[in-house]
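Asker:
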Amino acid sequence: MLKGKKILLTVGPTREYLDPVRFITNESSGKMGFAIAEELHKENAELIIVCGPVNIQPKVPDRNIKKITTALEMYEECQKHFSDVDIAIFTAAVADYRPKHQANSKIKKDGNIATVEFVKNPDIAAEFGKIKMPHQISVGFALETDNVIENAQEKLTKKGFDMIVINSPNHGEGFGYDTNKVSILINGQNIKDYPLKSKSEVAKDIVDKIKSLL
Ligand code: C5P
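According to this note's numbering, the stretch in the sequence shown is residues 230 to 443, in order.
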């Protein structure tokens with residue numbers, strides 16, 4: 230069913246540099262994104278994985294992986310593929326902001342920097358949502374703690390997702406761990422809660438749900 234389908238995945242964190250050796254990032258390990266990629270690879274989908282700096286050896290061919298570092302680079306790489314893909318899956322933890330200025334050389338500690346000014350990064354999923362064709366499917370992720378359904382529904386609408394995977398922020402689940410506990414909301418359907426599972430089992434549930442959208 231997914232054989233030959235072109236699928237874009239964003240995976241991992243991004244890094245936003247203050248100077249050549251210092252950056253702001255987050256805890257994303259890329260494990261969930263690559264677990265989904267591996268599941269899709271087994272189904273013979275054609276993958277384009279745009280991936281930030283991660284420390285794992287995925288079981289997908291290297292030629293399918295485009296390595297980037299910053300959110301702007303992730304956006305530029307994704308833009309090259311937006312119009313071609315059947316499905317886009319946004320698992321990356323993209324930094325919402327980047328420092329307005331990046332110093333060309335290492336900032337000295339006596340350099341008198343008291344504050345850092347930030348500017349907003351593009352929202353890659355939302356940009357895809359704006360230009361998405363009716364046959365294209367968009368899948369997003371969200372970490373929600375309160376008003377889960379309302380917030381997820383709002384994100385789904387705002388970013389043009391057909392389906393959103395809601396992660397739990399609790400200990401032993403999500404960022405960096407090998408397990409995850411998710412709920413899946415498909416546009417116009419009731420939310421479905423899943424139990425705590427390994428990330429590869431969660432990936433299978435997510436891929437099954439994506440197949441149900443085709
Ligand atoms: O708004 P929030 O960060 O919770 O949205 C999460 C979803 O949006 C994820 O699917 C994430 O990959 C995507 N996203 C993005 N570009 C951003 C921020 C989030 O693609 N700059």
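Just so it is clear, CB atoms sit at the ideal spot from N, CA and C, and this is done for glycine as well. Since we're looking at a predicted model, the values are computed, not measured.
Can you give the Cα-Cα distance for D291 and V314, rounded to whole angstroms?
Answerer: Locating residue 291 in the sequence shown gives position 62, counting from the first residue. Locating residue 314 in the sequence shown gives position 85, counting from the first residue. Roughly 19 Å separates the two Cα atoms.
Asker: What residues in its chain sit with their C-beta under 6 Å from that of N380, if we drop five residues either side in the sequence?
Answerer: Mapped onto the sequence shown, residue 380 falls at position 151. Answer for N380: E373, listed in chain order.
Asker: Once DSSP output is grouped into helix, strand and coil, what is the label at N255?
Answerer: Locating residue 255 in the sequence shown gives position 26, counting from the first residue. Of the three classes helix, strand and coil, the one that applies to N255 here is coil, per DSSP.
Asker: List the whole-angstrom C-beta distance separating I360 from F319, where the pair is believed to meet the contact cut-off of C-beta under 8 Å.
Answerer: Locating residue 360 in the sequence shown gives position 131, counting from the first residue. Locating residue 319 in the sequence shown gives position 90, counting from the first residue. That pair is no contact at about 14 Å.
Asker: In chain order, which beta strand (DSSP E) runs of at least 3 residues are fully inside the region 302-364?
Answerer: Taking only runs of at least 3 residues, the beta strand (DSSP E) segments lying wholly in the region 302-364 are 316-319, 326-328 and 347-349.
Asker: How about P249 and K335: do their beta carbons lie closer than 8 Å?
Answerer: Walking along the sequence shown from the start, residue 249 turns up at place 20. Walking along the sequence shown from the start, residue 335 turns up at place 106. Contact flag set, yes.
Asker: Is any non-hydrogen atom of the ligand C5P found closer than 7 Å to the C-beta of D352, if you look at the structure I gave you?
Answerer: Looking up residue 352 in the sequence shown gives position 123. Correct: D352 has its Cβ closer than 7 Å to the ligand C5P.
Asker: Just curious, the alpha helix (DSSP H) that G369 is in, first and last residue?
Answerer: One-based indexing of the sequence shown puts residue 369 at position 140. It is not in any alpha helix (DSSP H) - G369 instead sits in the beta strand (DSSP E) that spans I366 to L372.
Asker: If you compare alpha carbons, which of F347, V345, P351 and F390 is closest to P363?
Answerer: Stepping through the sequence shown from its first residue, residue 363 is reached at position 134. Looking at the Cα atoms, F390 is the closest of the given residues.
Asker: Closest to L425 by C-alpha separation, out of S441, N396, Q418 and L443, would be which residue?
Answerer: Numbered from 1 along the sequence shown, position 196 holds the residue referred to as residue 425. Measuring from the Cα of L425, the nearest candidate turns out to be N396.
Asker: According to the Cβ coordinates, are F311 and F357 closer than 8 Å?
Answerer: Start at 1 with the first residue of the sequence shown, and residue 311 comes out as number 82. Start at 1 with the first residue of the sequence shown, and residue 357 comes out as number 128. Yes, Cβ-Cβ distance for F311 and F357 is below 8 Å.
Asker: Return helix, strand or coil for K473, following the three-state DSSP convention.
Answerer: Within the shown structure, residues of the chain are numbered from 230 to 443, placing residue 473 beyond reach of any answer.
Asker: Note down the Cα distance separating E267 from A322, rounded to an integer number of angstroms.
Answerer: Position 38 of the sequence shown, counted from the start, is the residue given in the question as residue 267. Position 93 of the sequence shown, counted from the start, is the residue given in the question as residue 322. Spanning the two alpha carbons is a distance of roughly 19 Å.
Asker: In terms of residue numbering, what span does the beta strand (DSSP E) encompassing G379 cover?
Answerer: On the sequence shown, position 150 is the one that residue 379 refers to. Note that residue 379 is Glu in the sequence shown here, rather than Gly. Per DSSP, E379 belongs to no beta strand (DSSP E); it is in the alpha helix (DSSP H), V377 to K388.
Asker: Note the first and the last residue of the continuous beta strand (DSSP E) segment covering L276.
Answerer: Translated into positions along the sequence shown, residue 276 becomes position 47. E275 to C280 is the extent of the beta strand (DSSP E) around L276.
Asker: Can you find a heavy atom of the ligand C5P that lies under 7 Å from the Cβ of D325?
Answerer: As a first step, residue 325 must be located in the sequence shown, where it is residue number 96. Yes, Cβ of D325 sits closer than 7 Å to a heavy atom of the ligand C5P.
Asker: Helix, strand or coil for M392? Go by DSSP, reduced to three states.
Answerer: Working through the sequence shown from its first residue, we reach residue 392 at position 163. Note: M392 maps to strand in three-state DSSP.
Asker: Specify, as a first and last residue, the run of the alpha helix (DSSP H) that S441 falls within.
Answerer: Here residue 441 refers to the residue found at position 212 of the sequence shown. K428 to L442 is the extent of the alpha helix (DSSP H) around S441.
Asker: For S285, name the three-state secondary structure that DSSP assigns.
Answerer: Reading the sequence shown from its first residue, position 56 is the one you call residue 285. With the sequence shown as reference, residue 285 is identified as Ile, and Ser is not the correct amino acid for it. The answer is coil: DSSP assigns I285 none of H, G, I, E or B.
Asker: Rounding to the nearest angstrom, what Cα-Cα distance links G369 and K337 in this structure?
Answerer: As a first step, residue 369 is located in the sequence shown; it is residue number 140 there, counting from the start. As a first step, residue 337 is located in the sequence shown; it is residue number 108 there, counting from the start. Approximately 40 Å, taken between the alpha carbons.
Asker: Just mark V345 as buried or exposed, buried being the case when its beta carbon has 16 or more other beta carbons within 10 Å.
Answerer: Translated into the one-based positions of the sequence shown, residue 345 becomes position 116. When all chains shown are included, V345 counts as exposed.
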